[in-house]
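>
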Amino acid sequence: MTSVPLLSMNLPRHVAIIMDGNGRWAQARGLPRIEGHRRGVTTVRTVTEMASELKLDALTLYCLSSENWKRPQAELDFLMHLLQQYLVEERRTIRDQNMRLRFIGRRDRLSEEVLKEIAKTQAISENNTGTELVLAVDYGGRDELTRMARKVAQQVQNGERSIDEITESLVDETLDTAGLPDVDLMIRTGGDIRISNYLLWQISYAELHFTPKCWPEFERDDFQAALDEFAGRQRRFGGLNVGA
Numbered sequence: 070m071t072s073v074p075l076l077s078m079n080l081p082r083h084v085a086i087i088m089d090g091n092g093r094w095a096q097a098r099g100l101p102r103i104e105g106h107r108r109g110v111t112t113v114r115t116v117t118e119m120a121s122e123l124k125l126d127a128l129t130l131y132c133l134s135s136e137n138w139k140r141p142q143a144e145l146d147f148l149m150h151l152l153q154q155y156l157v158e159e160r161r162t163i164r165d166q167n168m169r170l171r172f173i174g175r176r177d178r179l180s181e182e183v184l185k186e187i188a189k190t191q192a193i194s195e196n197n198t199g200t201e202l203v204l205a206v207d208y209g210g211r212d213e214l215t216r217m218a219r220k221v222a223q224q225v226q227n228g229e230r231s232i233d234e235i236t237e238s239l240v241d242e243t244l245d246t247a248g249l250p251d252v253d254l255m256i257r258t259g260g261d262i263r264i265s266n267y268l269l270w271q272i273s274y275a276e277l278h279f280t281p282k283c284w285p286e287f288e289r290d291d292f293q294a295a296l297d298e299f300a301g302r303q304r305r306f307g308g309l310n311v312g313a
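Next comes the structure, spelled out in structure tokens:
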């Protein structure tokens, strides 16, 4: 097992991951697509454990996009079952690792059973002070921005705030990710080079890391490689480095 690097390393505060390639991993092995999702849960455990060890501020995982509802109903039902199972089985681990759980995305299309397990897991971890584990479920970046705009517009219409109060800070405070630092490093597995409507506002200056490995085969060494690459990059945020 690869050792975790020293905490003095230039680590990102917030890592976001697009967990892609579960179905392709399974199909390449002659297995049903759902087996790829099942195997992917093991990788979730691996990266959350490592994020906690490294004391990252936040780890956000793209579990189900708003567009994923177009998939076959049997696959969607299995994904919801897998989410419930994960929350039940990992609840105490999340608590014991001093992690806090947050969900981002819409809630109106999730079942009562899923919402109940979400609430239980959030309640058991709400006083923790370590890494915030953020699960994006029924999430889309455009949908999040639309919901934010509607909320702010309603506040202006109700006389609760003026147009002059609409700033970048207000947008930050109104998004699902309010209180979290911007994403420093976004990782996508599965070989595709795109961001797929993920955290569009929050990744404005994120470093991007794409790997051909599918999510079920993404291991500690792969996470470490992404962190090492991040540590070696120069982040200018639109400016110039001293002496450049």
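In terms of the numbering used here, the sequence shown has 255 at position 186, counting the first letter as 1, and numbering is strictly consecutive. Glycine included, each C-beta is placed from N, C-alpha and C at the ideal position. It should be emphasised that the depicted structure is a prediction, and the values quoted were computed from it without experimental measurement.
1) Leaving aside the five residues before and after residue 232 along the sequence, list all residues of the same chain whose C-beta is less than 7 Å from its C-beta, in chain order.
2) Candidates 251, 247, 280, 250: which alpha carbon is nearest residue 263's?
3) Would you tell me roughly how many angstroms separate the C-alpha atoms of residue 137 and residue 238, rounded to the nearest one?
4) Please name the residue or residues paired with residue 257 in a DSSP beta bridge.
5) Less than 7 Å between the CB of residue 151 and some heavy atom of the ligand MG, yes or no?
6) Inspect the beta-carbon positions of residue 193 and residue 156 and report whether they are closer than 8 Å.
7) What do you reckon, are the CB atoms on residue 117 and residue 128 nearer than 8 Å?
8) Distance, Cα to Cα, residue 70 vs residue 215?
9) What residues are listed by DSSP as bridge partners for residue 171?
10) What does the alpha-carbon distance come out to for the pair residue 210 and residue 240?
11) One question on the structure: do residue 130 and residue 113 come within less than 8 Å of each other, judged by their Cβ atoms?
12) Comparing alpha-carbon positions, which option in 222, 244, 220, 293 lies nearest residue 256?
13) Kindly give me the distance between the Cβ atoms of residue 220 and residue 258, rounded to whole angstroms, as I take these residues to be in contact under 8 Å.
14) Which of the three DSSP states, helix, strand or coil, is assigned to residue 131?
15) Any idea if residue 97 is buried or exposed, counting beta-carbon neighbours within 10 angstroms, 16 or more meaning buried?
16) For residue 155, which three-state DSSP category applies?
17) For residue 254, is the classification buried or exposed, using 16 other Cβ atoms within 10 angstroms of its Cβ as the cut-off for buried?
18) Can you tell me which residues form a DSSP beta bridge with residue 208?
19) Do residue 203 and residue 160 count as a contact pair if the criterion is CB distance below 8 Å?
20) Whole angstroms is fine: what's the gap from residue 244's alpha carbon to residue 286's?
Working from what's here:
1) Counting only Cβ-Cβ distances below 7 Å, and skipping sequence neighbours, we find 225.
2) Sorting 251, 247, 280, 250 by C-alpha distance to the C-alpha of residue 263 places 280 at the top.
3) Distance between the alpha carbons of residue 137 and residue 238 is about 30 Å.
4) Beta-bridge pairing links residue 257 to 87, 279.
5) Of the ligands one can find in the structure shown there are none, so the ligand MG has no counterpart to examine.
6) For residue 193 and residue 156, no; Cβs fall outside 8 Å.
7) Yes.
8) In this predicted model, residue 70 has a pLDDT of only 41, less than 50, meaning its place in the structure is not dependable enough to derive any value.
9) Bridge partners of residue 171 according to DSSP: 203.
10) Approximately 13 Å, taken between the alpha carbons.
11) Yes; because the gap between Cβ atoms is below 8 Å, this pair is in contact.
12) Nearest in C-alpha terms to residue 256, of all of 222, 244, 220, 293, is 293.
13) With a beta-carbon spacing of about 33 Å, residue 220 and residue 258 fall beyond the 8 Å limit used to define contacts.
14) Reduced to three states, the DSSP call for residue 131 is strand.
15) Classification of residue 97: exposed, given that the 10 Å Cβ count is below 16.
16) For residue 155, the three-state secondary structure derived from DSSP is helix.
17) With 16 or more Cβ atoms within 10 Å of its Cβ, residue 254 is classed as buried.
18) DSSP lists 134 as partners of residue 208.
19) No.
20) Looking at the backbone, the Cα of residue 244 and that of residue 286 are separated by about 32 Å.
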